[in-house]
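For the protein sequence lines, the chains are P and L, in the order given.
All the letters of the first sequence, read from the start, carry residue numbers 25 to 475 under our numbering.
All the letters of the second sequence, read from the start, carry residue numbers 25 to 475 under our numbering.
Number of protein chains: 2
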Amino acid sequence: MSAEFVELTATEAAGKIARGEISSEDYTRALIAQVDHIESKVGAFAHFDPEFALAQARQRDEYRANGNSLGPLHGVPVAIKDCIDTAELPTENGSALFAGRRPYKDAAAVTRLRAAGAVIFGKTVTTEFAFYHPGKTRNPHDLERTPGGSSSGSAAAVAAGMVPLAIGTQTNGSIIRPAAYCGVFGMKPSHGLVSRAGVLSHSRVLDHVGPFARSLDDIALILDAMAGYDEEDPDTKPYAVPNFLSGVRQEPPVAPRLAYVRTPAWSKADKATAQAFEELADSLGEVVQRVELHEPVYSHAWDDLRAIMTADMAHRHGKIVGRGGDVASQTLRDFLAEGRRVSATRYLEALAQAKQYTRSLSDFFEYYDAILTPAATGVAPKGLESTGDPAFCSLWTLTGLPAVSLPLLQGENGLPLGVQLVGPMNRDARLLRTAKWLLGHLAHNEAAEVA
Amino acid sequence: MSAEFVELTATEAAGKIARGEISSEDYTRALIAQVDHIESKVGAFAHFDPEFALAQARQRDEYRANGNSLGPLHGVPVAIKDCIDTAELPTENGSALFAGRRPYKDAAAVTRLRAAGAVIFGKTVTTEFAFYHPGKTRNPHDLERTPGGSSSGSAAAVAAGMVPLAIGTQTNGSIIRPAAYCGVFGMKPSHGLVSRAGVLSHSRVLDHVGPFARSLDDIALILDAMAGYDEEDPDTKPYAVPNFLSGVRQEPPVAPRLAYVRTPAWSKADKATAQAFEELADSLGEVVQRVELHEPVYSHAWDDLRAIMTADMAHRHGKIVGRGGDVASQTLRDFLAEGRRVSATRYLEALAQAKQYTRSLSDFFEYYDAILTPAATGVAPKGLESTGDPAFCSLWTLTGLPAVSLPLLQGENGLPLGVQLVGPMNRDARLLRTAKWLLGHLAHNEAAEVA
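Below, the structure written as structure tokens:
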């Protein structure tokens with residue numbers, strides 16, 4: 025029974041709970057059993073209190089038994105990255121500088137998850153300050169490899185079946201990369217789709233909150249709960265958002281057109297990855313066209329992101345890291361020192377450039393439904409001292425475009441290799457529909473090959 | 025007849041034109057006669073074409089004769105500062121670097137003025153780049169004195185009766201200060217109330233567009249035409265704006281409370297000004313309370329504005345000024361060089377501080393209707409080589425709060441001395457009502473004294 029529960033997607037679990045086929049308590053208990061079974065190896069959680077999770081689950085069951093109408097995530101456990109505030113669990117941002125920190129209220133995204141009926145399952149490990157210095161988490165596919173970062177625990181917990189859904193954050197490549205390394209679905213929504221209020225802030229321009237799941241429907245399901253205007257986040261927009269779950273389930277009226285874009289970071293892709301993507305593009309035939317971004321323009325994007333990120337982080341965290349002496353890692357301290365050397369005019373130029381990249385890519389989406397590109401430079405690297413290279417995420421973070429990582433390919437030793445789809449701004453529902461179509465299309469091709 | 029026309033307020037003129045008592049052509053002709061009479065001394069206009077103005081006026085008269093419904097400024101001439109784009113007149117930003125420049129379309133504010141029926145009367149002199157280096161304009165009250173800057177021509181043209189209304193811009197003290205020196209009403213509306221699209225841009229945070237007039241009703245009248253959401257200016261707000269003219273004509277339900285605030289810049293006020301303000305505060309009795317801003321907090325605001333303004337201007341104008349060699353003034357080049365030395369973290373800190381000042385002042389307005397404070401350090405200084413000191417405007421520009429300059433006092437040689445009222449954010453209509461109340465209250469007191 026327990027194993028069967030662990031394999032449920034969130035959408036399936038929510039359906040079963042709503043129909044009374046299973047209780048939230050039994051489901052949560054099965055997930056706790058899975059944590060007991062595997063967490064000592066994976067180390068996905070920073071804070072985990074089974075009693076706290078079970079108490080919520082029982083409350084959800086009682087709420088249902090009383091005949092109340094249920095939210096879309098009713099009774100479904102969701103894990104929260106430890107740089108996202110929770111009032112009832114510590115939020116330590118992966119740094120001893122925040123040891124014992126208890127926020128006085130939930131982050132906006134957490135409030136919305138609760139309102140949708142979710143059970144807050146625990147806090148997942150983030151790298152130090154949601155930056156590069158790794159936490160304790162290991163990759164469930166190979167414990168000697170990194171799960172990626174900075175949302176290490178969220179990706180690993182979902183991959184290891186400890187929870188069907190988790191949320192994380194991305195300022196450069198912190199959702200897409202760990203999703204790819206851990207072989208789960210991950211999404212960095214359009215900038216401003218999900219509120220960052222109550223989330224450790226690096227940069228207003230670069231910060232995003234997004235989900236991890238084991239199906240695309242689950243990504244849509246949790247987006248439905250989290251997306252939308254929040255007056256506490258000035259980049260959220262006072263518009264209605266579409267229903268993502270019905271969006272992802274729609275058949276596209278015409279077959280999508282994909283642009284296979286290698287980006288100026290292409291040389292960072294390892295040989296096997298480059299080859300796997302060339303083969304994927306070939307196998308997709310007319311669906312995909314090879315498009316090169318104009319290098320003289322786009323090759324600066326990585327430097328632009330770095331100028332913004334270092335300066336914004338130096339501004340936000342300079343004081344607390346400075347007061348902490350050598351508590352913060354050398355990596356982080358060096359990064360902040362670099363940020364202090366960025367001039368205001370360089371910073372402003374990088375911001376202006378970022379807008380320019382977004383604008384020129386939006387022309388691009390007049391023709392293509394999505395960009396197909398690697399989620400990472402390869403499979404999860406060996407060792408736990410690094411969380412890997414975010415190079416294939418930077419441009420899409422800087423431009424704020426929505427991106428998903430799909431666990432479609434396998435690399436060396438059968439390890440997951442993520443395929444990234446990037447869509448037009450604020451067309452997240454359409455991007456999910458395109459991604460779903462691609463999954464179906466590839467499954468169909470494969471079946472045809474076997475037959 | 026001509027002299028009588030020149031003394032009309034815009035509200036009076038618009039009423040007479042609407043009722044058919046005068047034609048826009050006759051009115052415009054009278055103003056042109058005043059330009060012929062006095063412009064050679066004052067030098068308020070950068071570009072002036074009487075035929076262009078008359079052609080529009082005749083069009084307005086024809087439009088009315090055809091029975092069309094009229095906009096609030098129908099047939100009323102308005103002068104435009106030469107850093108605000110006009111498609112049919114040059115826009116040279118007070119610099120040879122823009123000699124002969126013809127924008128391909130009107131600034132948003134100009135489009136709105138036209139839509140309200142205004143006659144675009146001519147382009148008024150701005151200092152170089154709407155910054156400190158003066159243009160040719162002289163103060164109509166004393167031709168040996170500066171009219172203030174950077175909206176020098178707009179203030180002087182209205183003061184000299186050449187036009188009833190003009191618009192200008194303020195990034196530090198460029199509306200309030202010239203209005204004060206020239207003895208007219210000037211308003212810097214709340215940040216984001218009037219679109220800056222098509223206006224020479226220094227700083228998204230600091231730039232404002234606002235009017236000059238010879239009555240408060242006229243200020244309200246032109247605000248009604250210009251205010252409101254514009255998708256080309258990301259700081260305008262997608263909300264309805266109140267009707268300012270009906271606002272300014274309302275009697276406040278209770279007598280307003282004013283806070284007499286000297287600000288940390290007080291030592292810059294000359295002796296006569298300081299004394300005049302002390303006397304004004306005394307004469308107002310219970311209406312006004314003396315309030316000191318907490319100096320350790322607010323004394324940094326002037327440096328914060330300077331960090332933002334220098335860096336933003338270096339970013340925006342660095343290239344064109346650099347390419348121009350010594351075409352730009354040394355003052356401007358030094359300022360941009362200073363901007364290039366500002367670090368991104370200093371810039372970000374200044375932006376964060378600006379928000380903090382705005383927030384803490386908004387608590388302040390829970391109790392007071394408006395702040396009463398000098399508009400300038402004194403009367404218009406002698407000489408034309410400087411446009412005076414914006415020190416009494418900086419804090420209100422940085423915080424984005426609405427401010428009006430009222431020509432209520434007289435200083436040395438009977439020269440005008442401006443009284444500044446500053447109101448709560450986005451309560452521009454209420455600020456105008458408070459200002460109107462103060463005018464009436466002082467007139468009543470004076471009448472009582474005489475009797």
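Positions of the beta carbon are idealized from the N, C-alpha and C atoms, including for glycine.
The structure presented is a predicted model; accordingly, all values stated were derived computationally and were not measured.
Burial state of residue i (16 or more Cβ within 10 Å)
{"i": "Glu322 (chain P)", "result": "This sequence places Tyr at residue 322 (chain P); Glu is not what is there. Answer is buried; the Cβ neighbour count reaches 16."}
{"i": "Pro258 (chain P)", "result": "exposed"}
{"i": "Ser64 (chain L)", "result": "exposed"}
{"i": "His226 (chain P)", "result": "buried"}
{"i": "Pro398 (chain L)", "result": "buried"}
{"i": "Ser93 (chain L)", "result": "exposed"}
{"i": "Gln444 (chain P)", "result": "buried"}
{"i": "Leu55 (chain L)", "result": "buried"}
{"i": "Val278 (chain P)", "result": "exposed"}
{"i": "Gly91 (chain L)", "result": "exposed"}
{"i": "Thr190 (chain P)", "result": "It should be pointed out that residue 190 (chain P) corresponds to Ala in this sequence rather than to Thr. It counts as buried."}
{"i": "Asp248 (chain L)", "result": "buried"}
Any chain L beta carbon closer than 8 Å to residue i
{"i": "Thr369 (chain P)", "result": "yes"}
{"i": "Leu372 (chain P)", "result": "yes"}
{"i": "Asp336 (chain P)", "result": "yes"}
{"i": "His339 (chain P)", "result": "yes"}
Sub-8 Å separation of residue i and residue j beta-carbons
{"i": "Tyr205 (chain P)", "j": "Ala81 (chain P)", "result": "no"}
{"i": "Leu430 (chain P)", "j": "Met449 (chain P)", "result": "no"}
{"i": "Asn117 (chain L)", "j": "Phe153 (chain L)", "result": "yes"}
{"i": "Ala237 (chain L)", "j": "Pro188 (chain L)", "result": "yes"}
{"i": "His98 (chain P)", "j": "Leu439 (chain P)", "result": "no"}
{"i": "Thr170 (chain P)", "j": "Gly407 (chain P)", "result": "yes"}
{"i": "Thr193 (chain L)", "j": "Cys107 (chain L)", "result": "yes"}
{"i": "Ala251 (chain P)", "j": "Val218 (chain P)", "result": "yes"}
{"i": "Tyr156 (chain P)", "j": "Thr382 (chain P)", "result": "no"}
{"i": "Ala453 (chain L)", "j": "Pro262 (chain L)", "result": "no"}
{"i": "Ala180 (chain L)", "j": "Val100 (chain L)", "result": "no"}
{"i": "Thr297 (chain P)", "j": "Gly435 (chain P)", "result": "yes"}
{"i": "Thr150 (chain L)", "j": "Ser175 (chain L)", "result": "yes"}
{"i": "Arg370 (chain L)", "j": "Ala331 (chain L)", "result": "yes"}
{"i": "Arg457 (chain L)", "j": "Gln274 (chain L)", "result": "yes"}
Residue i versus the options, residue with shortest Cα-Cα distance
{"i": "Pro127 (chain P)", "options": "P:Glu152, P:Ala221, P:Met250 and P:Ile46", "result": "P:Ala221"}
{"i": "Gly159 (chain L)", "options": "L:His165, L:Gly172 and L:Asp166", "result": "L:Gly172"}
{"i": "Asp413 (chain L)", "options": "L:Ile200, L:Asn437 and L:Val223", "result": "L:Ile200"}
{"i": "Leu455 (chain P)", "options": "P:Asp130, P:Asp306 and P:Asp241", "result": "P:Asp241"}
{"i": "Ser48 (chain P)", "options": "P:Ser26, P:Gly67 and P:Phe389", "result": "P:Ser26"}
{"i": "Leu360 (chain L)", "options": "L:Gly342, L:Ala368 and L:Asp387", "result": "L:Gly342"}
{"i": "Asp336 (chain P)", "options": "P:Ala368, P:His324 and P:Glu316", "result": "P:Ala368"}
{"i": "Glu473 (chain L)", "options": "L:Val30, L:Ser307, L:Val149 and L:His61", "result": "L:Ser307"}
{"i": "Ala394 (chain L)", "options": "L:Asn267, L:Ala378, L:Leu32 and L:Lys460", "result": "L:Lys460"}
{"i": "Asp130 (chain L)", "options": "L:Ala103, L:Ala38, L:Gln58 and L:Val223", "result": "L:Val223"}
{"i": "Phe72 (chain P)", "options": "P:Gly91, P:Thr110, P:Ile41 and P:Gly39", "result": "P:Thr110"}
{"i": "Ala415 (chain P)", "options": "P:Ala374, P:Gly216 and P:Gly197", "result": "P:Gly197"}
{"i": "Phe122 (chain L)", "options": "L:Arg347, L:Tyr392, L:Leu396 and L:Leu466", "result": "L:Arg347"}
{"i": "Lys212 (chain P)", "options": "P:Ala467, P:His61 and P:Val446", "result": "P:Val446"}
{"i": "Ala264 (chain L)", "options": "L:Gly216, L:Thr52, L:Ser291 and L:Thr195", "result": "L:Gly216"}
Cβ of residue i within 8 Å of any chain P Cβ
{"i": "Leu230 (chain L)", "result": "no"}
{"i": "Glu362 (chain L)", "result": "no"}
{"i": "Val345 (chain L)", "result": "no"}
{"i": "His98 (chain L)", "result": "no"}
{"i": "Gly342 (chain L)", "result": "yes"}
{"i": "His157 (chain L)", "result": "no"}
{"i": "Ala81 (chain L)", "result": "no"}
{"i": "Val366 (chain L)", "result": "yes"}
Output the residue ranges of the beta strand (DSSP E) runs that lie fully inside the segment 290-317 of chain L and measure 3 residues or longer, sorted by chain position.
312-315
In chain order, each alpha helix (DSSP H) run of at least 4 residues that lies wholly inside the segment 166-251 of chain L
176-183, 200-206 and 240-250
What are the start and end residues of each continuous beta strand (DSSP E) run of 3 or more residues lying completely inside the segment 34-61 of chain L, in chain order?
none
Taking only runs that begin and end inside the segment 107-149 of chain P, name each unbroken beta strand (DSSP E) of 3 or more residues, in chain order.
143-148
Could I get the ranges of all uninterrupted alpha helix (DSSP H) runs contained in the segment 424-466 of chain P, with 4 residues as the minimum, in chain order?
none
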